[in-house]
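Comments concern the structure below.
Number of protein chains: 2
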Amino acid sequence: MRYHKIPDETIKRLPRYMRALLLLIKEGRETVSSGKFAELLRANPPQIRKDLSYFGAFGTPGVGYDTKRLFGQIQAILGLDSTPKAALVGLGNLGTALLKYPGFKAYGMHITAIFDSNPEKIGETVGDIKVENVLELSTLKGRNMSLGIITVPAPAAQEIADQLIAAGVNGILNFAPYYLKVPEHVKVITIDIAMELARLTYYLPTKT
Amino acid sequence: MRYHKIPDETIKRLPRYMRALLLLIKEGRETVSSGKFAELLRANPPQIRKDLSYFGAFGTPGVGYDTKRLFGQIQAILGLDSTPKAALVGLGNLGTALLKYPGFKAYGMHITAIFDSNPEKIGETVGDIKVENVLELSTLKGRNMSLGIITVPAPAAQEIADQLIAAGVNGILNFAPYYLKVPEHVKVITIDIAMELARLTYYLPTKT
DNA sequence: AGTTGTGAACTTATTCACAGCC
DNA sequence: GGCTGTGAATAAGTTCACAACT
Numbered sequence: 022m023r024y025h026k027i028p029d030e031t032i033k034r035l036p037r038y039m040r041a042l043l044l045l046i047k048e049g050r051e052t053v054s055s056g057k058f059a060e061l062l063r064a065n066p067p068q069i070r071k072d073l074s075y076f077g078a079f080g081t082p083g084v085g086y087d088t089k090r091l092f093g094q095i096q097a098i099l100g101l102d103s104t105p106k107a108a109l110v111g112l113g114n115l116g117t118a119l120l121k122y123p124g125f126k127a128y129g130m131h132i133t134a135i136f137d138s139n140p141e142k143i144g145e146t147v148g149d150i151k152v153e154n155v156l157e158l159s160t161l162k163g164r165n166m167s168l169g170i171i172t173v174p175a176p177a178a179q180e181i182a183d184q185l186i187a188a189g190v191n192g193i194l195n196f197a198p199y200y201l202k203v204p205e206h207v208k209v210i211t212i213d214i215a216m217e218l219a220r221l222t223y224y225l226p227t228k229t
Numbered sequence: 022m023r024y025h026k027i028p029d030e031t032i033k034r035l036p037r038y039m040r041a042l043l044l045l046i047k048e049g050r051e052t053v054s055s056g057k058f059a060e061l062l063r064a065n066p067p068q069i070r071k072d073l074s075y076f077g078a079f080g081t082p083g084v085g086y087d088t089k090r091l092f093g094q095i096q097a098i099l100g101l102d103s104t105p106k107a108a109l110v111g112l113g114n115l116g117t118a119l120l121k122y123p124g125f126k127a128y129g130m131h132i133t134a135i136f137d138s139n140p141e142k143i144g145e146t147v148g149d150i151k152v153e154n155v156l157e158l159s160t161l162k163g164r165n166m167s168l169g170i171i172t173v174p175a176p177a178a179q180e181i182a183d184q185l186i187a188a189g190v191n192g193i194l195n196f197a198p199y200y201l202k203v204p205e206h207v208k209v210i211t212i213d214i215a216m217e218l219a220r221l222t223y224y225l226p227t228k229t
């Protein structure tokens, strides 16, 4: 491999690859070819090979890719091998759903702090994490938290984001339907569910 | 405008435009230029103009776009003017969060049926919708439901999808971390939250 | 003067095709 | 023989630059 700028689209696909690999590993498969792998993911074999080739040569010609090894390699590429810690702010239905989500751990990630504004919830324990008062969000500083998950209503999102960033977070997963203003060095991924559903209708056959 | 294949990326941006327009309309703005609009969305003016131009000429040179009219036009493009009906399957935390999501209605969409397998929930009323038994999913047929939202655990997702499709649904918003196999005419959008969070870590500065 | 709409230039991403390796 | 890794070819999407319109 030489120097290449890695396409953003490739990065988006890597977690998908991880999930498929997890499945294969659970099935006891030791190796997988790009062809078989593509079939499982409903993708094209050359794309998978190219995606992986950006990071080095991971496969064995004539054989394929070692499932376990590749999983570890992708995990390392994404920076998941250091099990980043995430703070969740907003323990509503969505926040609760996320905490129960299986798969965070599978990828090597940990939600280790929870904040909410509801006095009834503060002090409560979810999993083995104590719910803290959102007004004390500044105490996050020094707790080595690199990610924040925002599941609060839209009007509060910006302030929460500001505080998370002040506490040292530099990656935010935002579920509030609001465009966060953040400094250059902070990466935000916004998931807007209503928007996705809205887009879906475009593809329906019964368009007038 | 001539004939053009419309980029998928353009379709993804249209709901974002709608949301920004809603905001402008609420503020009482009658018109907006692509420059102002781009600023609000943190996007490029020519991209907005090009996106819109795929569907016709919506703006007035020297003035800009009429906010209300443009909102209606995008709504029509996406097929949201006929207020499509959606069935939600799986009333867990995520399903409940979705039902409370403000914004579905804003876009012109309606969740009009809820299904779950939990006997305690069946018969209950959420909003003004009665929760039905998931085993009776086939009763959806003839109720003119065009969209399905799947918020059940991964192992059940495929079967639910099959039944939704049998009942006439041809667009599915899937939250289960599973690749659904669907016929050609059905469009699936999968939102995998863990995957998005996994991707986020790639952009963190502290990569080893 | 201000702003749209759009062909053309450019950039980015995907797919192909095949040499090289196991 | 089967499969990877990758330069080259193709396709898709974005940005530019400017003519045309109000």
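So the sequence lines, in the order shown, correspond to chains H and F. Numbered according to the working numbering, the first sequence spans residues 22 to 229. Numbered according to the working numbering, the second sequence spans residues 22 to 229. Yeah, the Cβ is synthetic: ideal placement off N, Cα and C, and Gly gets one too.
- Contact between the region 136 to 149 of chain F and the region 135 to 147 of chain H is absent: fewer than 3 CB-CB pairs across the two stretches fall below 8 Å.
- Leu225 of chain H sits close to Gly192 of chain F, with the two beta carbons spaced by under 8 Å.
- Within chain H, no C-beta atom comes less than 9 Å from the C-beta of Tyr75 of chain F; the nearest is roughly 12 Å away.
- Residues of chain F with a Cβ closer than 9 Å to the Cβ of Lys142 of chain H do not exist, since the nearest Cβ in that chain sits about 14 Å away.
- The Cβ neighbour count for Glu153 of chain F, taken over all protein chains shown within 10 Å, is at least 16; the residue is labelled buried.
- In this structure, the beta-carbon distance from Ile150 of chain F to Thr172 of chain F does not fall below 8 Å.
- Cβ contact annotation for Ser54 of chain H (same chain, cutoff 7 Å, sequence separation greater than five): Gly85, in chain order.
- Excluding five sequence positions before and after Pro66 of chain F, the CB atoms of its chain that fall closer than 6 Å to its own CB belong to Ser55, Gly56 and Ala59, given in chain order.
- Interface with chain H (8 Å Cβ-Cβ cutoff): Met166 of chain F is excluded.
- Separation of Gly113 of chain F and Phe125 of chain F (C-alpha to C-alpha, rounded to the nearest whole angstrom) is 18 Å.
- In the DSSP assignment, Phe125 of chain H falls within the alpha helix (DSSP H) that extends over Phe125 to Tyr128.
- Remark: C-beta atoms of Gly144 of chain H and Leu120 of chain H do not approach each other more closely than 8 Å.
- Bounds of the alpha helix (DSSP H) holding Ala215 of chain H are Ile214 to Tyr223.
- Burial check for Asp29 of chain H: the Cβ neighbour count within 10 Å stays below 16, so the residue is exposed.
- Residue-level contact check: Asn65 of chain H does not touch chain F, since none of the beta carbons of chain F fall below 8 Å from its beta carbon.
- A Cβ of chain H is located within less than 8 Å of the beta carbon of Glu217 of chain F.
- Non-local beta-carbon contacts of Leu101 of chain F in its own chain, meaning distances under 7 Å to residues more than five positions away in sequence, involve Tyr128, Gly129 and Met130 in chain order.
- For a cut-off of 8 Å, the C-beta gap from Glu51 of chain H to Thr81 of chain H is around 11 Å, too long to register as a contact.
- At a Cβ-Cβ threshold of 8 Å, Tyr200 of chain F and Arg63 of chain H count as neighbours.
- Using beta-carbon distances, Thr222 of chain H counts as an interface residue toward chain F, with a partner under 8 Å.
- The CB of Arg37 of chain H comes closer than 7 Å to the CB of Met216 in chain F, given here in chain order.
- Using beta-carbon distances, Phe125 of chain F counts as an interface residue toward chain H, with a partner under 8 Å.
- Listed as beta-bridge partners of Ala107 of chain H by DSSP are H:Ile132 and H:Leu168.
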